[in-house]
Amino acid sequence: MAHYAPNAIRNVALIGHGSTGKTTLSEALLFRTGVISRMGRVEDGSTVSDWDPDEHRRGFSINLSLLPLEWNGCKVNIIDTPGYPDFLGEVKCALRAADAALIVVDAASGIQVGTEFAWQYADERAMPRAIFVNRLDRENADFQAVLSQVQERWGPRCLPLHLPLGQEHSFRGVVDLLSMRAYLGEGEAEAPMPSEVAEEAQRWRERLVEAAAESDDELLTKYLEGEGLAEEEMVRGLRRALLSRSLVPVLVGAAAKAIGIRPLLEAIGQIFPSPADLPVLTEDGQELKAEPHGPLAALVFKTSADPYVGRLSYFRVYSGTLKADSQVWNPRKDVLERIGPLYMVRGKTQTQVAEVAAGDIGAVAKLAHTTTGDTLCQRDRPLVLPGIVFPEPAFSAAITPKGKADLDKMSTALQRIVDEDPSLRIERNSDTGETLLQGLGDSHVEVALEKIRRKFGVELEMSIPKVPYKETITATAVAEYTHKKQTGGRGQYARVAIRLEPLPRGEGFQFVDQIVGGVIPKQFIPSVEKGVLEAMQEGVLAHYPVIDVKVTLFDGKDHPVDSSDIAFKIAAAHAFRKGVQEAKPVLLEPIMRMKITVPDANTGDVISDLNGKRARVLGTSPAGPGLTTIEALAPLAEVQRYAADLRSLTQGRGHYTMTFDHYEEVPPHIAQRIIEQAQRS
């Protein structure tokens with residue numbers, strides 16, 4: 001593939017709801033531009049984009065896929081993304097590397113949950129976008145209904161750039177309102193405007209002329225003076241309008257039949273922004289332009305564990321040129337990285353290239369320290385580009401190895417999969433001793449474990465994590481214990497008297513030494529504290545750690561020969577356990593703070609469900625058009641699988657964040673059940 005100047009490159013992310021035909025659309029684009037000779041099918045696992053075995057098995061996209069193609073003097077880097085919400089991290093990576101988003105909408109289903117999220121993600125990045133209404137050949141396809149829905153939701157700036165000729169089984173082509181020509185049939189032969197749509201086409205074209213004129217003072221003057229705009233002036237105006245987000249072009253087609261693909265490619269080349277149109281800011285506010293001879297600044301937006309070439313890092317060059325067999329600086333990690341061969345990636349194929357210049361996307365293998373979100377630059381000109389903000393995990397699973405061999409390799413395999421997908425997190429829960437893998441949903445974690453098995457040969461199993469309960473006391477108690485042991489020769493002797501008092505929630509542990517007169521020698525006082533701390537690791541009710549206790553050592557006795565550190569530790573531990581039993585111990589559970597954003601229509605159902613989960617709703621607040629955010633405190637034991645519940649209650653439209661807030665006493669009837677279960681196990 002030839003080298004392209006930044007103004008001849010287009011980086012476009014295909015985003016939207018799952019099963020709207022994004023992967024089929026990318027396949028049609030490759031077919032129409034001659035990259036492939038026949039179109040593959042998602043159902044057969046034969047598409048260029050969905051090449052991963054997990055994608056073949058599940059029948060939908062899991063990873064982003066890079067698909068470069070060439071059209072009319074432009075290089076177009078299509079980035080196909082998953083539509084399933086569990087793989088949102090891949091969408092965030094794709095949007096970080098793209099300059100524009102193409103939101104794919106099903107002509108029969110219209111705006112769906114994933115469509116709304118896609119629009120929101122583009123908003124977060126203030127990204128130019130267009131809408132592609134796909135599957136117009138399907139039963140119940142209705143372009144006018146979808147267009148009305150889009151304009152009602154996102155305003156009159158959503159204007160058709162193309163109109164369909166027929167729909168459902170009679171769909172036969174597309175009218176381009178820019179050239180006022182038609183593209184007919186699966187061969188997309190160019191033809192004059194059919195008379196049946198001439199009036200409607202003229203009406204919408206006038207709206208486009210207006211949008212183009214409003215983006216440019218010179219064109220506006222010409223328009224207001226009653227002069228028409230030439231096609232090249234229209235292109236210039238629409239390009240500016242798209243760039244400023246005052247226009248969202250609506251395009252149409254049927255990707256499975258490769259209809260509407262040629263006019264889509266024309267639109268991408270003519271009016272979509274290039275890297276030259278979109279300077280970027282570094283973290284310290286420096287503006288970088290897409291200049292091949294500028295200072296090097298490349299962002300790694302995705303990391304993949306390739307079984308053949310090792311770790312493969314996908315990068316977008318924002319400034320300068322990254323060359324093969326060179327050295328670059330990673331300012332985040334403060335290390336030099338050696339760059340070996342560079343690749344142009346298309347699906348699973350990698351073609352070696354000598355360099356990747358500003359505006360373009362490439363990949364490099366075997367970087368030692370660089371991970372997703374890192375910047376590569378020159379050591380004498382350090383530049384740091386903003387990284388990628390990944391969504392917070394909403395699902396946790398306890399991970400255990402299947403066998404001894406898997407145990408030895410488990411931590412390395414988990415770390416490698418998190419390097420590949422930073423929307424996954426690993427956490428070691430010190431209270432339960434479990435290793436937790438956290439992701440955006442159950443499918444996200446399941447797929448991660450399948451990848452670990454397939455790529456690294458490690459068999460891991462997932463289960464619901466244990467709830468890290470705690471124990472505490474609610475009354476003051478005094479306890480003493482004498483540890484005496486005589487076995488011939490030197491024995492063991494220590495007497496300890498302590499007072500236990502409850503502390504406010506969250507205060508932890510306090511140890512107070514009130515020994516006077518040296519009844520316990522100073523060297524043994526730390527041993528008493530150690531004994532108490534060890535005993536706190538296992539409570540008397542259900543063997544959970546004890547927290548929020550003040551222990552005062554006020555009396556004791558030693559023996560000049562038989563006393564030792566170990567003797568005082570043992571005595572202190574026994575005294576503590578004895579005291580806890582007399583201080584009205586109770587069980588505590590973790591309470592999570594939840595922020596749940598749902599459509600207004602689902603607010604009542606979600607609040608009702610939370611009440612059934614022993615949650616306390618703290619309040620509600622507007623979260624945008626038609627959305628409400630509910631803030632609540634809920635016991636972790638009740639919301640460990642809340643992702644599935646919320647998806648069911650809101651038809652997938654709700655999302656939430658959950659963070660630990662505090663510990664609270666478990667209601668007696670539930671505590672009794674937990675205690676009985678712990679005593680049985």
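In this text, residue positions in the sequence shown follow our numbering: the first is 1, and each later residue adds one.
Positions of the beta carbon are idealized from the N, C-alpha and C atoms, including for glycine.
Being a predicted model, the structure only gives us computed values, none of them experimental.
Inset, instruction - Take the Cβ of serine 61 as the centre, count every other Cβ of all protein chains shown within 10 Å, and call the residue buried at 16 or more, exposed below. - result: A buried status is given to serine 61, since no fewer than 16 other beta-carbon atoms sit within 10 Å of its beta-carbon.
Inset, instruction - For methionine 410, I'd like the list of residues in its chain whose CB is within less than 8 Å of its CB, leaving aside the five on either flank, ordered along the chain. - result: Same-chain partners within the cutoff: Ile399, Pro401, Thr435, Val458 and Leu460.
Legend entry - Spatially closest choice to glycine 619 from Ala601, Arg593, Asp137 and Tyr84, by CA coordinates: It is Arg593 whose Cα lies nearest to the Cα of glycine 619.
Inset, instruction - Please classify arginine 616: is it buried, with 16 or more other beta-carbons within 10 angstroms of its beta-carbon, or exposed? - result: So arginine 616 ends up on the exposed side.
Inset, instruction - Starting from isoleucine 131, follow the beta strand (DSSP E) in both directions and report where the run begins and ends. - result: DSSP places isoleucine 131 inside the beta strand (DSSP E), whose first and last residues are 129-134.
Legend entry - Span of the alpha helix (DSSP H), counted from its first residue to its last, around histidine 56: DSSP places histidine 56 in the uninterrupted alpha helix (DSSP H) bounded by 53-58.
Legend entry - Candidates Gly604, Glu420, Gln151 and Gln327: closest to glycine 110 by CA position: Checked all of Gly604, Glu420, Gln151 and Gln327; the closest Cα to glycine 110 is Gln151.
Legend entry - arginine 38, buried or exposed, once every other Cβ within 10 Å from all chains shown has been counted against 16: Result: exposed.
Legend entry - Option nearest phenylalanine 31 by Cα separation, candidates Ala368, Gly441 and Leu67: Residue Leu67 is the option with its Cα nearest to phenylalanine 31.
Inset, instruction - Confirm, please, whether the CB-CB distance from isoleucine 79 to serine 274 is below 8 Å. - result: For serine 274 and isoleucine 79, no; Cβs fall outside 8 Å.
Legend entry - Identified DSSP bridge partners for glycine 556: Partner(s): Val496.
Inset, instruction - Using a threshold of 8 Å, state whether the C-beta atoms of tryptophan 119 and proline 160 are closer than that. - result: It is not a contact, given that the beta carbons lie outside the stated cut-off.
Inset, instruction - Could you give the DSSP three-state label for serine 170: helix, strand or coil? - result: Here serine 170 sits in helix by DSSP.
Inset, instruction - Measure the alpha-carbon distance for glutamate 266 versus asparagine 429 and round it to whole angstroms. - result: Each residue's alpha carbon lies about 54 Å from the other.
Inset, instruction - Specify the secondary structure class of glutamate 664 as computed by DSSP and reduced to three states. - result: Glutamate 664: strand per DSSP, three-state reduction.
Legend entry - Where glutamine 438 falls: helix, strand or coil (DSSP): Glutamine 438 sits in a strand when the DSSP states are folded into three classes.
Legend entry - Residue closest to leucine 136, alpha-carbon to alpha-carbon, out of Lys569, Tyr121, Ala671 and Val104: If you compare the alpha carbons of Lys569, Tyr121, Ala671 and Val104 with that of leucine 136, the shortest gap goes to Val104.
Legend entry - Runs of beta strand (DSSP E) wholly within the region 87-139 (minimum 3 residues, chain order): The qualifying runs are 100-106 and 129-134.
Inset, instruction - Quick one: residues in its chain with C-beta nearer than 7 Å to the C-beta of glutamate 186, no 5 flanking neighbours on either side, listed in chain order? - result: Within its own chain, the residues whose Cβ lies closer than 7 Å to the Cβ of glutamate 186, once the five positions on either side in sequence are excluded, are Lys257, Ala258 and Ile259, listed in chain order.
Inset, instruction - With distances taken Cα to Cα, identify the nearest neighbour of valine 334 among Leu533, Thr375 and Glu507. - result: A small correction: the amino acid at residue 334 is aspartate; valine does not occupy that position in the sequence shown. Nearest option by C-alpha distance: Thr375.
Legend entry - Endpoints, beta strand (DSSP E) assigned at lysine 470: Per DSSP, the unbroken beta strand (DSSP E) holding lysine 470 starts and ends at 470-473.
Legend entry - Local conformation of methionine 1 per DSSP, three classes: Correct three-state label for methionine 1: coil.
Legend entry - Residue environment, methionine 536, which counts as buried when at least 16 other CB atoms sit within 10 Å: Of the other Cβ atoms in all chains shown, 16 or more fall within 10 Å of the Cβ of methionine 536; this residue is therefore buried.
Legend entry - Neighbourhood of arginine 577 by C-beta distance below 7 Å, restricted to the same chain and skipping five residues each side: Around arginine 577: Ala535 and Val540.
Inset, instruction - Could you say which of Asp421, Ala405 and Gln415 lies nearest to glutamate 427 if we only look at CA atoms? - result: Comparing Cα-Cα distances from glutamate 427 to each of Asp421, Ala405 and Gln415, the minimum goes to Gln415.
Legend entry - Residue range of the unbroken alpha helix (DSSP H) whose run includes glutamate 147: It is worth fixing the name first, because residue 147 is leucine in this sequence and not glutamate. That run of the alpha helix (DSSP H) goes 143-154.
Legend entry - Own chain partners of leucine 296 with C-beta closer than 6 Å, once the 5 adjacent residues on each side are dropped: Close CB contacts of leucine 296 within its chain, under the 6 Å cut and outside five residues either way in sequence, are with Gly320, Cys377 and Gln378 (chain order).
Legend entry - Bridge partner(s) assigned by DSSP for phenylalanine 456: BP columns for phenylalanine 456 are empty, so no partner.
Legend entry - Whole-angstrom C-beta distance between glycine 83 and glycine 114, which should lie under 8 Å: With 8 Å as the limit, glycine 114 and glycine 83 qualify as a contact, their Cβ atoms being about 5 Å apart.
Legend entry - Burial state of isoleucine 675, where buried means 16 or more other Cβ atoms lie within 10 Å: Counting the other Cβ atoms within 10 Å of the Cβ of isoleucine 675 gives 16 or more, which makes it buried.
Inset, instruction - Determine the direct distance from the alpha carbon of valine 248 to that of valine 235, and round the result to whole angstroms. - result: Each residue's alpha carbon lies about 14 Å from the other.
Inset, instruction - Work out the CA separation of lysine 451 and lysine 404 for me, nearest whole Å. - result: One Cα belongs to lysine 404, the other to lysine 451, and the distance between them is close to 19 Å.
Inset, instruction - Mind checking who glutamine 350 pairs with in its DSSP beta bridge? - result: Assignment of beta-bridge partners to glutamine 350 by DSSP yields Val345.
Legend entry - Beta-ladder partner(s) of glutamine 510, from DSSP: In the DSSP assignment, glutamine 510 is bridged to Lys550.
Inset, instruction - Use the C-beta contact count for threonine 221: other C-beta atoms within 10 angstroms, 16 or more gives buried, fewer gives exposed. - result: By the 16-neighbour rule on beta-carbons within 10 angstroms, threonine 221 is exposed.
Inset, instruction - Compare the Cα-Cα distances from serine 564 to each of Val586, Lys550, Phe524 and Leu14 and report the closest residue. - result: Ranking the options by Cα distance to serine 564, first place goes to Phe524.
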